[in-house]
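Each remark here refers to the structure printed beneath this line.
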Amino acid sequence: TVLVWDATTAQEVRAFKGHDFTIWGVAFSPDGRHLASCSADSTVCIWDYTTGAELPAVRLQHAGRVASVVFSRDGKMLAAANFDGTARVWNLASREERLMLRPHAIVVGVAFSPDGHLLATSGTDGTVKIWNLSTGGEVRSLAGHLGTVTRVAFSPDGKLLASAGFDNTARLWDVSTG
334 TVLVWDATTA
344 QEVRAFKGHD
354 FTIWGVAFSP
364 DGRHLASCSA
374 DSTVCIWDYT
384 TGAELPAVRL
394 QHAGRVASVV
404 FSRDGKMLAA
414 ANFDGTARVW
424 NLASREERLM
434 LRPHAIVVGV
444 AFSPDGHLLA
454 TSGTDGTVKI
464 WNLSTGGEVR
474 SLAGHLGTVT
484 RVAFSPDGKL
494 LASAGFDNTA
504 RLWDVSTG
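Under the numbering used here, the first residue of the sequence shown carries the number 334, and numbering increases by one thereafter.
Put into structure tokens, the structure is as follows:
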């Protein structure tokens with residue numbers, strides 16, 4: 334169950350039930366109308382935040398545990414990191430998979446650049462990779478962590494990429510130069 338809490342009152346606001354196993358990640362759409370959740374049950378669910386209902390035909394099936402999920406800034410795409418070694422990007426209007434990447438043995442984190450042109454992935458191999466979403470090609474690979482890189486995030490202007498790892502470090506990368 335995904336629970337949403339009011340930060341001011343510490344009261345539960347809404348509950349979303351639908352996964353069969355541990356939930357690993359959640360993300361709100363930029364307009365706040367939808368909530369995505371991902372689970373060790375190999376699914377990504379997208380919920381209507383107002384009604385609490387799971388959106389029909391949006392349950393996205395993976396081959397392995399789904400570690401994290403994120404909406405693009407314009408809310409038109411959704412990306413998920415998967416233990417099967419894939420990062421997948423969906424077009425939410427058509428409900429079709431737009432891109433499947435195989436960046437790491439196990440993918441743990443994903444992040445869209447603010448302009449929606451790039452996707453960053455992180456994994457258990459200690460690297461961060463940046464991908465061109467138009468071509469599916471790798472833009473660059475960033476090495477420096479000494480173990481699993483758990484999360485990645487672009488700065489609001491898209492010039493920097495932050496990464497956090499099990500090696501107890503957070504790193505800032507220049508996106509244009511690596």
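For every residue, glycine included, the Cβ atom is placed at its ideal position computed from N, Cα and C.
Residues near residue i by beta carbon distance below 7 Å, same chain, minus five either side
i    : result
A426 : K409
F416 : G397, R398, A400, I439
F499 : G480, T481, T483
8 Å Cβ cutoff met for residue i and residue j
i    : j    : result
T457 : A476 : no
D448 : G491 : yes
L432 : G459 : no
L494 : V485 : yes
A373 : F354 : yes
A343 : V402 : no
V346 : V337 : yes
S405 : S455 : no
Y382 : G358 : no
Separation of residue j from residue i, as counted between CA atoms
i    : j    : result
T468 : T341 : 44 Å
R473 : S362 : 27 Å
G442 : L388 : 24 Å
V377 : T384 : 18 Å
I356 : C371 : 6 Å
S375 : T502 : 29 Å
V461 : H367 : 28 Å
R428 : I379 : 11 Å
N424 : A444 : 15 Å
D339 : A386 : 19 Å
G520 : G470 : Within the shown structure, residues of the chain are numbered from 334 to 511, placing residue 520 beyond reach of any answer.
D351 : A369 : At residue 351 the sequence reads Gly, which differs from the Asp that was named. Distance between the alpha carbons of G351 and A369: 11 Å.
P436 : P489 : 24 Å
Proximal residues to residue i (C-beta, below 8 Å), its chain only, five neighbours per side dropped
i    : result
S446 : L452, A453, F487, G491, V508
R421 : L393, H395, A412, A413, N415, E430, L432, M433, L434
H450 : N465, L466, S467
D407 : P363, G449
Cβ neighbours of residue i in the same chain (closer than 6 Å, five flanking residues each side left out)
i    : result
I463 : L451, A453, V472, R473
L505 : L493, A495
Contact test: residue i Cβ vs the ligand SAH heavy atom, cutoff 7 Å
i    : result
G480 : In the structure on display, the ligand SAH does not appear, and there are no ligands present to speak of.
**Asked** Which residue spans inside the stretch 362-386 form an unbroken alpha helix (DSSP H) run of at least 4?
**Response** Listed in chain order, the alpha helix (DSSP H) elements of length 4 or more contained wholly in the stretch 362-386 amount to none.
**Asked** Counting only runs that start and end within the stretch 415-456, where is the beta strand (DSSP E) found for 3 or more residues in a row?
**Response** Runs of the beta strand (DSSP E) inside the stretch 415-456: 420-424, 429-434, 440-445, 451-456.
**Message:** To test your reading of the DSSP string, which unbroken beta strand (DSSP E) runs of 3 or more residues are found completely within the stretch 456-502?
**Reply:** Scanning the stretch 456-502 for uninterrupted beta strand (DSSP E) segments of 3 residues or longer gives 460-465, 471-476, 482-487, 493-498, listed from N- to C-terminal end.
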